[in-house]
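Chains as they are written, first to last, in the numbering used here: chain A, 1 to 248; chain B, 1001 to 1248.
C-beta: ideal position from N, C-alpha, C; glycine also.
2 protein chains.
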Amino acid sequence: MRRIKFTISYDGTEYHGWQVQPGLPTIQGTLETVLGEIEKAGVHVEGSGRTDAGVHALAQVAACSLANPIPVDNLRKAMNRLLPADIRIISVEEGADDFHPRFQAKAKTYEYRIWRDEVCPPFQRRYVYHFPYRINEDAFFAAAPLYAGTHDFTAFAAADEKDELRASKVRTVYSSEMLRQGAMLIYRVRGSGFLKHMVRNLTGTMIDMSRGNMSLDELRALLQPGAQRKACHSAPARGLFLVSVEYP
Amino acid sequence: MRRIKFTISYDGTEYHGWQVQPGLPTIQGTLETVLGEIEKAGVHVEGSGRTDAGVHALAQVAACSLANPIPVDNLRKAMNRLLPADIRIISVEEGADDFHPRFQAKAKTYEYRIWRDEVCPPFQRRYVYHFPYRINEDAFFAAAPLYAGTHDFTAFAAADEKDELRASKVRTVYSSEMLRQGAMLIYRVRGSGFLKHMVRNLTGTMIDMSRGNMSLDELRALLQPGAQRKACHSAPARGLFLVSVEYP
């Protein structure tokens, strides 16, 4: 069997997230169906990690094993012919026999996009969180760099992550910055790995700060060892993009 | 009654065009429903012109008459609360009593967007014509300026425009240019007015040229007096944007 590495872009609006769920459209399930047609057998696709329902990807990475000897360029074209237009294969490569997109990922970058003008253009509506309210935007720029470093991110984990309660919530954030592009605030974060809902919770906490509901010191305290999970504003899925996944 | 002037942006993907059609979602129909809720009476909305099913607008202009004394800023906010997110009111102004968005329009600008890369990003799929085939792109840049000037555009009128067969097809194109932005070719045209399907037919004819199916001289001949309607490639609606409408 060959090991194949895919780079995939998707508009997550119409999908119930990455992971296969019986009877619901998912990114993984759609890829497995299309690859099954090409392979004429069941194909299991592994991703670099799950994305939630409604979250988008500029360049998700996935892998599968195939017996079919189709050249990678033809495989890319065949998949793009068979897939719906909201999932696109950017590239296909031969991977090492043991390539595993999740275990071998060294870093991931996410962006969270917030639209600040009163009117959100119709063409942006699926790809931003429209938050036009009067807030202290400086609080975003002050808060974002505080997340950088190695911290216990328990306070920013998903409330429902029951089965991983005992697993370490320590992660390293390599860079964490807020940018402005016209009417859009963009939070860009690159790290070793992310807990479920973590980027949406990091962003939601900054939104709470910008509304005056939390101080910089209170945010710092959430990053200290022993901090408890905090019921924070989780920013909606539609503003979140998986930008890239890095391998050694 | 007050006369109200609206500037409206919409994603036309989910609509059967501008004009009211019984039982089908249209831009005009949706605006009339929302304004009817605010006015508590039937409201007729007039646009600067129709857009076809699937065509988008960055800044369509429309007008209606209202008895309701609501200030224009509140009217804009109320409409944006009631409208679906794919139709947005950019601005609302008091208009002259006799303001008519169609009869008084002095110029309109349209853009047609063509995506040239093999892979069309999922986030662009509703807003471009994906045409990745090998063509002579120079033909676009050579052809576009030929449309400028006052011509009889009969050859570029919609095939089904039966009820206006005797009406003049002479229009003035003030500017007509092809631009490139990354993977996107953009045809931008500004004119006194446009026939039904005219911009899609101007674009489709340039696509025919770029594929070697027509020469520059043959295109010039289509602009001569007495030229007949030509069965040309009509570029799909999704790539077309009404960019702006100008008034004296």
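Task: Three-way DSSP call (helix, strand, coil) for Phe1006(B) in this model - done: strand
Open item on the list: For Pro101(A), would you say it is in contact with chain B, using Cβ-to-Cβ distances shorter than 9 Å as the test?
Closed with: no
- Hey, does Asp1011(B) have any beta-carbon neighbour from chain A nearer than 9 Å? yes
Output, in sequence order along the chain, the residues in the stretch 1074-1107 of chain B whose CB is closer than 7 Å to any CB in chain E. You won't find chain E in this structure, because its protein chains are A and B.
**Paired residues, beta bridge with Arg1113(B) - DSSP** = Ile1186(B)
* Asked: Touch check for the stretch 104-120 of chain A and the stretch 47-59 of chain A: three-plus C-beta pairs under 8 Å?
  -> yes
query: Which one of Ala183(A), Val170(A), Arg76(A), Val20(A) has the shortest CA to CA distance from Leu223(A)?
result: Val170(A)
- Item | Under the three-state DSSP convention, the category Tyr247(A) falls into | coil
Any beta carbon from chain B within less than 9 Å of Val245(A)'s own beta carbon?
no
Can you give me the C-alpha to C-alpha distance between Ser9(A) and Asp97(A), rounded to a whole angstrom? 24 Å
*C-alpha gap between Ala53(A) and Tyr15(A), whole angstroms*: 6 Å
For Gly1036(B) versus Ile1027(B), is the C-beta spacing smaller than 9 Å? no
**Q.** Entirely enclosed beta strand (DSSP E) segments - the stretch 71-141 of chain A, minimum 3 residues
**A.** 87-94, 107-115
For this session: Verify the contact flag: Gly1029(B), CB atom, against every heavy atom of the ligand GDP, threshold strictly below 8 Å.
Result: This structure does not include the ligand GDP; it has no bound ligands of any sort.
| How big is the Cα-Cα spacing for Val119(A) and Ser1168(B)? | 39 Å
Identity of the residue in Met206(A), Cys64(A), Gly12(A) nearest Ser234(A) by Cα: Met206(A)
>> Just to confirm before moving on: does the CB-CB distance between Asn1074(B) and Lys1040(B) stay below 9 Å?
In response: no
*N-terminal and C-terminal residue of the beta strand (DSSP E) that Val26(A) is part of*: It should be pointed out that residue 26(A) corresponds to Thr in this sequence rather than to Val. Segment: none, Thr26(A) is in no beta strand (DSSP E) and carries neither H nor E.
Problem - Whole-angstrom C-beta distance between Pro248(A) and Arg1088(B), which should lie under 8 Å - result: Not really, about 46 Å apart at Cβ, beyond 8 Å.
Contact with chain B by Arg134(A), beta-carbon distance below 9 Å = no
Review point. Hey, does Cys1120(B) have any beta-carbon neighbour from chain A nearer than 9 Å?
Key: yes
>> DSSP three-state label for Ser175(A), please.
In response: strand
Please name the residue, chosen from Ser1244(B), Gly1191(B), Ser1065(B), Ala1144(B), that lies closest to Leu1219(B) on a Cα-to-Cα basis. Ala1144(B)
_So Arg238(A) and Tyr127(A) are supposed to be a Cβ contact under 8 Å. How far apart are they, rounded?_
7 Å
> Sorted by chain position, which residues of the same chain lie with C-beta nearer than 7 Å to Met198(A)'s C-beta, five sequence neighbours on each side aside?
Replying inline: Phe153, Phe156, Ala157
Practice prompt. Please go through the same chain and pick out, in chain order, the residues whose beta-carbon is closer than 8 Å to the beta-carbon of Ala227(A), but skip the five residues on each side of it.
Written response: Asp152, Thr154, Ala155, Ala221
- Query: Are the Cβ atoms of Ile135(A) and Cys64(A) separated by less than 9 Å?
  - Reply: no
Requested in this report: Please compile the residues from chain B whose C-beta is within a distance smaller than 8 Å of the C-beta of Arg125(A).
Outcome: Asp1011, Ala1085, Asp1086
| query | Taking 9 Å as the CB-CB limit, is His1056(B) close to chain A? | reply | yes
* **Per-residue DSSP class, three states only, for Gly36(A)** => helix
*Between Ile173(A) and the rest of its own chain, which residues show a CB-CB distance below 7 Å, the 5 nearest in sequence each way excluded?*
Sequence check: residue 173(A) is Val here, not Ile. If we look at Val173(A) and ignore the five residues flanking it on each side, its Cβ neighbours are Tyr147, Ala148, Gly149, Val189, Gly191.
* Kindly indicate which three-state DSSP category Val1199(B) falls into: helix, strand or coil? => helix
(request) Inspect the beta-carbon positions of Tyr112(A) and Leu240(A) and report whether they are closer than 9 Å. (result) yes
List the endpoints of the continuous beta strand (DSSP E) containing Leu1066(B). 1056-1066
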